[in-house]
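In my numbering, the protein residues as written are 519 to 943.
The beta carbon of each residue, even a glycine, is placed where N, CA and C say it ideally should be.
Here is the structure we will look at.
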Ligand code: GDP
Ligand code: IMO
Ligand code: MG
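Listed below in structure tokens is the structure:
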């Protein structure tokens, strides 16, 4: 099968960027299929660190092409910033000719971001905790059939189309939130960035991807966010506005389900969440702070502290079922080194019952985690390269998780660098 999918199984930030980079050399094309610059995918190699928001994580390999797919929403200003930063670091993607952009990808306008901010402000304490990148309003315009797409930027009447949508947004801002916004600076930056985007190949990506498939080339679909932030199956309404699950790769790239091969699911050895919404295994104590400190759990995009907790098996099982996960990656195992005991949530106490699945409502009804105590390991594992160097207690943790989740953990990540990755199977 030609297309593998790699996606997050928790609430995002599982280490997708790092692992896509590790796997990139084995693929001809890396294609982002949903989300937008709400994502922050971190890669580290040769002492350098990059955070990518819109650009796929396969750009550092010479023989790998990269595509921003039709399911992605693009903020030209952020994309230009990403491209400029990469160019300054010696990676000129225009020169390298290794990035293409789908004509059907939707555009995030400066006013989409204003709407995002105004909506969050109005919700007060009940806010989603959005990254304020304009994701929700842009997908609303997409499904409302008002949106602007990358392909529109080359049309002679693009400015008029833009103005029509902006006029709608400014009336909404005024009527719904009483706001009169000045976004002239961002508007100028938007049009400057559009000129840069025009220089990249703007493609009918569904044809392109299917041609890759026809020619027997290997494609990796790169997800953003995580299964528990999926618009249909996540902890609604505390979710993002796209399908982060495997089905999103089909609609976000224009590929048929039968073309999907492996679905690679990534999870952390514990769990984090950034933004609002339920998080059953959250630790609001010293232990949570320790995980945040040791794991450097601060958002790659917004810098916000990430909420930390123990691994949540009912949530993971749900994510595995929804995605048809065939292989898994466990990241950040090194962060748990040194703890006497670690814990895994095996069930929830929910409305007087013990359940091992994700119930409909975890927003207004508490799902109280039932925790299994597990022996921790003391060894520093950040430098290990061989399987026989894995501490026995970590090996038992891996085997316990594989038995519970019924999917093999194929890769183990023991640090942020590309090289800190072991193949277990
Ligand atoms: P993504 O959004 O899924 O790509 O993940 P992020 O980049 O937002 O967050 C993951 C963070 O953990 C980044 O800072 C990575 O550099 C880092 N990271 C990835 N894998 C590991 C690992 O195995 N150990 C440690 N300590 N850090 C890791
Ligand atoms: P990556 O790809 C973690 C969260 C936000 C908020 C909710 C909705 O780096 O894993 P949005 O901006 O989409 O309207 O925010 O989703 N969120 C993420 N959390 N990692 C991400 O991406 C996220 N993208 C969005 O914090 O709770
Ligand atoms: Mg991230």
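Restricting to runs no shorter than 4 residues, where is the alpha helix (DSSP H) found entirely within the segment 769 to 818? Counting whole runs of 4 or more residues, the segment 769 to 818 contains the alpha helix (DSSP H) stretches 804 to 812.
Tell me, please, which residues DSSP counts as bridged to residue 592. When DSSP reads this structure, residue 592 sits in a beta bridge with 625.
Look up residue 609 in the DSSP assignment and say whether it is helix, strand or coil. Shown here, residue 609 sits in coil according to DSSP, grouped into three states, outside any helix or strand.
Going straight from the alpha carbon of residue 461 to that of residue 814, what length do you get? Here the chain has residues from 519 to 943 only, and residue 461 is not among them.
For a quick check, are the C-beta atoms of residue 784 and residue 524 less than 8 Å apart? With contacts defined by Cβ atoms closer than 8 Å, residue 784 and residue 524 form a contacting pair.
Taking the straight line between their C-alpha atoms, what separation do you get for residue 657 and residue 631? Approximately 12 Å between the Cα atoms of the pair.
Please determine, among 670, 629 and 753, the residue with the shortest C-alpha to C-alpha distance to residue 880. Here the closest residue by C-alpha is 753.
Short check: CB of residue 597 to CB of residue 572, under 8 Å? The answer is yes: Cβ separation under 8 Å.
Cβ-heavy atom distance between residue 794 and the ligand IMO below 7 Å? Checking the Cβ of residue 794 against the ligand IMO gives yes.
State the CB to CB distance for the pair residue 738 and residue 541, rounded to an integer number of angstroms; the pair is presumed to be in contact (CB under 8 Å). With a Cβ gap of about 6 Å, residue 738 and residue 541 count as contacting.
In this structure, what does DSSP give as the bridge partners for residue 559? According to DSSP, residue 559 bridges with 570.
Just verifying my parser: in three-state terms, what is the DSSP assignment at residue 875? Coil, per DSSP.
Is any heavy atom of the ligand MG found at a distance shorter than 7 Å from the C-beta of residue 814? In this structure, the ligand MG has no non-hydrogen atom nearer than 7 Å to the beta-carbon of residue 814.
Given residue 933 as reference, the closest of 567, 553 and 545 once Cα atoms are compared: Closest by alpha carbon: 567.
Residue 687: buried (16+ other C-beta within 10 angstroms of its C-beta) or exposed? Counting Cβ neighbours within 10 Å, residue 687 comes out buried, since at least 16 surround it.
Selected residue, minimal CA-CA separation from residue 840, among 941, 692, 859 and 766: Closest in alpha carbon position to residue 840, among 941, 692, 859 and 766, is 766.
Would you say residue 780 and residue 539 are within 8 Å of each other, going by their C-beta atoms? 8 Å or more divides the Cβ of residue 780 from the Cβ of residue 539.
Taking C-alpha atoms, which residue in 870, 894 and 895 lies nearest to residue 884? Closest option to residue 884, Cα to Cα, is 870.
Measuring only the C-alpha atoms, how far is residue 670 from residue 676? Our two residues, residue 670 and residue 676, have alpha carbons roughly 6 Å apart in a direct line.
What residue ranges within the segment 856 to 937 form continuous alpha helix (DSSP H) runs of no fewer than 4 residues, ordered along the chain? You should have 910 to 923.
Kindly identify the DSSP beta-bridge partner or partners of residue 823. The secondary-structure analysis by DSSP pairs residue 823 across a beta bridge with 816.
Between 804, 919 and 661, which lies nearest to residue 892 when the distance is taken from Cα to Cα? When only C-alpha atoms are compared, the closest one is 919.
Can residue 649 be considered in contact with the ligand ATP, in the sense that its beta carbon sits closer than 7 Å to one or more heavy atoms? The ligand ATP is not part of this structure, which contains only the ligand GDP, the ligand IMO and the ligand MG.
Okay, do the segment 587 to 596 and the segment 620 to 629 touch, 3+ Cβ pairs below 8 Å being the bar? The segment 587 to 596 makes contact with the segment 620 to 629; the number of CB pairs closer than 8 Å reaches 3 or more.
Any chance the segment 816 to 826 sits against the segment 784 to 795, with 3 or more Cβ pairs inside 8 Å? Contact between the segment 816 to 826 and the segment 784 to 795 is present, because at least three Cβ pairs lie under 8 Å.
At least 3 beta-carbon pairs within less than 8 Å: the segment 526 to 535 vs the segment 710 to 726: Here the segment 526 to 535 makes no contact with the segment 710 to 726; the two share fewer than three CB pairs at distances below 8 Å.
Nearer than 7 Å: is that true of the beta carbon of residue 943 relative to any heavy atom of the ligand IMO? Checking the 7 Å criterion, the Cβ of residue 943 is out of range of every heavy atom belonging to the ligand IMO.
When a residue counts only if its C-beta is closer than 6 Å to some heavy atom of the ligand MG, which residues count, in chain order? This selection yields 530, 531, 557, 558, 559 and 818.
Could you tell me if residue 878 is buried or exposed, where buried requires 16 or more neighbouring beta carbons within 10 angstroms of its beta carbon? Burial call: exposed.
Should residue 931 be counted as a contact of the ligand IMO given a C-beta to heavy atom distance under 7 Å? Not under cutoff, so the answer is no.
Spatially closest choice to residue 652 from 804, 609 and 594, by CA coordinates: Residue nearest to residue 652 within the set 804, 609 and 594 is 594 (criterion: CA-CA distance).
Whose C-alpha, out of 581, 842 and 833, is nearest the C-alpha of residue 778? Checked all of 581, 842 and 833; the closest Cα to residue 778 is 842.
Does the beta-carbon of residue 633 have 16 or more other beta-carbons within 10 angstroms, so that it is buried, or is it exposed? With 16 or more other Cβ atoms within 10 Å, it is buried.
Give the DSSP-derived three-state secondary structure of residue 464 in the structure shown. Residue 464 lies beyond the stretch modelled for the chain, which goes from 519 to 943, so this question has no answer here.
Cβ of residue 534 within 7 Å of any heavy atom in the ligand IMO? Using a cutoff of 7 Å, the CB of residue 534 counts as near the ligand IMO, since one of the ligand's heavy atoms is closer than that.
Extent of the continuous beta strand (DSSP E) run through residue 846: Per DSSP, residue 846 belongs to the beta strand (DSSP E) from 845 to 849.
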